[in-house]
Amino acid sequence: MKTNSFEFVYDIYDSIEELEKEDAALLEVARAVTEQAYAPYSRFFVGATVKLDNGKMLSGTNQENASFPAGICAERTVLAAVSSVYPGAVIHAMAISFSSAGAASNHPISPCGICRQSLIEQEKRQQAPMRIILGGQVGPVFVIHSASHLLPFSFTGEELNKD
Ligand code: THU
Numbered sequence: 020m021k022t023n024s025f026e027f028v029y030d031i032y033d034s035i036e037e038l039e040k041e042d043a044a045l046l047e048v049a050r051a052v053t054e055q056a057y058a059p060y061s062r063f064f065v066g067a068t069v070k071l072d073n074g075k076m077l078s079g080t081n082q083e084n085a086s087f088p089a090g091i092c093a094e095r096t097v098l099a100a101v102s103s104v105y106p107g108a109v110i111h112a113m114a115i116s117f118s119s120a121g122a123a124s125n126h127p128i129s130p131c132g133i134c135r136q137s138l139i140e141q142e143k144r145q146q147a148p149m150r151i152i153l154g155g156q157v158g159p160v161f162v163i164h165s166a167s168h169l170l171p172f173s174f175t176g177e178e179l180n181k182d
């Protein structure tokens, strides 16, 4: 028997003021765009904003549905938008923020499992890491250097091409 371990390194900033200018700008937009979320059921409003290799920024928000499983998270909304509007673009970074009717937005949230799987698909497709910047409306900010760090043992398309 052998034992293996998995660990990853990420950065913790005390606040947005400590971030590099570009990352701070991205998080500012992700914070603001939470207002455009359609989340009448959970009242949990999420914004995800990306910076692309063509210099553009694009945002997505969560879009809920009375049939709850039909809803989609902010992260997958913006991934689908990028792939539709700028197919083939490389996403350098994604900032994710939230606001909530019922909870203080003073800490980072991290993407759900399905979104992690989708983020990894994008990383595989673009063959470059995507930085993930996580922060509430105020408070500490986490910077993760690759989406792959968030989902060890992820399922990838490589499995589908094996003989
Ligand atoms: N949600 C996101 O949009 N992204 C996340 O990272 C976590 C959860 C949404 C889904 C749902 O509309 C609401 O937040 C509550 O789960």
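If you count by our numbering, then the sequence shown holds residues 20 to 182, one letter each, in order. Positions of the beta carbon are idealized from the N, C-alpha and C atoms, including for glycine. Note that the structure is predicted; figures quoted are calculated from it, not measured.
Could you check what DSSP says for residue i in three-state terms: helix, strand or coil?
i, result
"aspartate 42", "helix"
"glycine 176", "helix"
"glutamine 136", "helix"
"valine 97", "helix"
"serine 61", "coil"
Is the beta carbon of residue j closer than 7 Å to that of residue i?
i, j, result
"histidine 168", "arginine 150", "no"
"glutamate 142", "alanine 166", "yes"
"isoleucine 152", "alanine 114", "yes"
"glycine 66", "alanine 44", "no"
"valine 160", "tyrosine 29", "no"
Got a sec? Which residues, its chain only, sit under 6 Å from residue i by beta carbon, not counting five neighbours each side?
i, result
"asparagine 125", "Gly155, Val157, Gly158"
"phenylalanine 25", "Pro171"
"aspartate 42", "Ile152"
Excluding sequence positions up to five away, which residues of its chain have a Cβ less than 7 Å from the Cβ of residue i?
i, result
"glutamine 145", "Val109, Ile110"
Practice problem: Can you list the residues near the ligand THU, meaning Cβ strictly closer than 7 Å to any non-hydrogen atom, in the order they appear in the chain? | Solution: Ala58, Ser61, Phe63, Val65, Asn81, Glu83, Gly90, Cys92, Ala93, Glu94, Ile115, Ile128, Ser129, Pro130, Cys131, Cys134
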